[in-house]
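**Student:** Shown below is the structure under consideration.
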Amino acid sequence: IEYYLPLFFEHTATVFDYLPSATLALHGNLEPAFQRFWQDARDRFRLAQGDPERPALPPESLFLTEEQFFTHTHAHAQLVLREPTPESKEWEHFDALNHLAVVRGAEDPLAALKAHISQTPHRVLLLAESDGRRESLLDFLRASQLSVPAFESLEDFQTSTERVGMATAALSSGFGWPEAGLDLVTETELFATGPTARRRKKQEQVSDVEALIKDLSELQLGDPVVHYAHGIGRYRGLVNMSVGQIQADGSPALQEFLHLEYADQAVLYVPVSQLQLISRYTGVSADEAPLHRLGSGQWEKAKRRAAEQIRDAAAELLNIYARRAAREGHAFRFSAKDYEVFANDFGFE
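Residue numbers for the sequence shown follow this note's numbering, so the first one is 352 and each next one is one higher.
The structure is reproduced here in structure tokens:
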């Protein structure tokens, strides 16, 4: 429905309308990304404009152009990140950090970090991924005889006189910043093989899958896909078909469809404009994906069984929690160090 907002509102908002004036606009080399985005948008518009049931608005009325985007960024302070070139070596002022990982089971798990703090001429700011993680890390550091004050931001730390501090920032990895006299150390350095790194890798994998679903050019012939209403089939390519409309020159208006093959070689044609109904099959083996039979009710039965299993699991969990709440518990001695080790070794969110 958001693609029809310009029909109902004279002025629509952009993300810039929600940013405070003190926002720092951080971006990189956006020109190639803009070119790809607008090429995709125009291709989609060309395919969708022949659908009389879902008439499409031109991309220019829905999205910011490159010029409009940069006009909006001019109202904010900007930091542009670009790939280094041979001519720009004089501007490379960031250094890689040494190995600082926590050593599980060691007498002093933070020995590497403490050595770095004592030897580096720079101030050190430790960065947690969230406020909750910051508090957990502070407890862990205190249990390891390293007392670190917390700060709300990098600016607060820079204006202080503390040599070591802790703040919150979603930074993927740390680095040395000689020009500012700072070393930024993230959870990636401290827990390089822990759940933090695994979570980030998992999130990247999920993002890649989502991109595959949205980009037809990445679908390979024979890939299993899932239609929201009909279940699992195999992608057999794109076909142009007449839908009964006639163009101004008298020739038939062609529309592009996804060709999906189901069990017993049944065929389903899905308009590209209905791509939101298609998702990628995420089962164990794509080659052995079970194809559903069109019109057989297999898919509905499978969804119903899955819903029942979810309800059964929920009921079992409720029963477990009810019995647990009814029993008298035992309070174990709390050890901040043991808890931090457990939390960081835990493989789930």
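Every residue gets a Cβ at the ideal spot worked out from N, C-alpha and C, and that includes glycine.
1) Does the beta-carbon distance from Asn591 to Leu570 come in below 8 Å?
2) Assuming Thr416 is part of the beta strand (DSSP E), what are its boundary residues?
3) Using the three-state DSSP reduction, which class does Asn591 fall into: helix, strand or coil?
4) When you compare only the Cα positions, how much space is there between His378 and Leu432?
5) Assuming Glu540 contacts Gly525 under a Cβ cut-off of 8 Å, what Cβ separation, rounded to an integer in Å, is found between them?
6) Which residue comes first and which comes last in the beta strand (DSSP E) that contains Gly483?
7) Which partner residues does Asp696 have in the DSSP bridge list?
8) Mapping DSSP to helix, strand and coil, what is Arg474?
9) Any idea if Asp534 is buried or exposed, counting beta-carbon neighbours within 10 angstroms, 16 or more meaning buried?
10) Whose C-beta lies closer than 8 Å to the C-beta of Val560 among residues of the same chain, with five residues either side of it excluded?
11) With distances taken from CA atoms, which of Glu691, Asn695, Asp696 is nearest Asp490?
12) Taking only runs that begin and end inside the segment 505-543, name each unbroken alpha helix (DSSP H) of 4 or more residues, in chain order.
13) In terms of residue numbering, what span does the beta strand (DSSP E) encompassing Glu607 cover?
14) List the whole-angstrom C-beta distance separating Tyr354 from Leu398, where the pair is believed to meet the contact cut-off of C-beta under 8 Å.
15) Do you know how far the Cα of Phe367 is from the Cα of Phe359?
16) Using only the alpha-carbon positions, how far apart do Ala521 and Arg484 sit?
17) Compute the Euclidean distance between the alpha carbons of Phe388 and Asp689, then round it to the nearest angstrom.
18) Drop a sphere of 10 angstroms on the beta-carbon of Ala580, count the other beta-carbons inside from all chains shown, and report buried for 16 or more, exposed for fewer.
19) Classify Pro383 as buried or exposed, calling it buried when 16 or more other Cβ atoms lie within 10 Å of its own Cβ.
20) Rounded to whole angstroms, what is the Cα-Cα separation between Leu430 and Phe421?
21) Please classify Arg684: is it buried, with 16 or more other beta-carbons within 10 angstroms of its beta-carbon, or exposed?
**Tutor:** Short version:
1) no
2) Neither: Thr416 is in no beta strand (DSSP E) and is coded neither H nor E.
3) strand
4) 6 Å
5) 5 Å
6) Gly483 -> not in any beta strand (DSSP E); alpha helix (DSSP H) instead, spanning 482-494.
7) According to DSSP, which records beta bridges pairwise, Asp696 is partnered with nothing at all.
8) strand
9) buried
10) For Val560, the predicted model reports a pLDDT of 42, less than 50, meaning its position is unreliable and no value from the coordinates is stated.
11) Glu691
12) 505-510, 538-541
13) 603-612
14) With a Cβ gap of about 14 Å, Tyr354 and Leu398 do not count as contacting.
15) 21 Å
16) 11 Å
17) 49 Å
18) exposed
19) exposed
20) 13 Å
21) exposed
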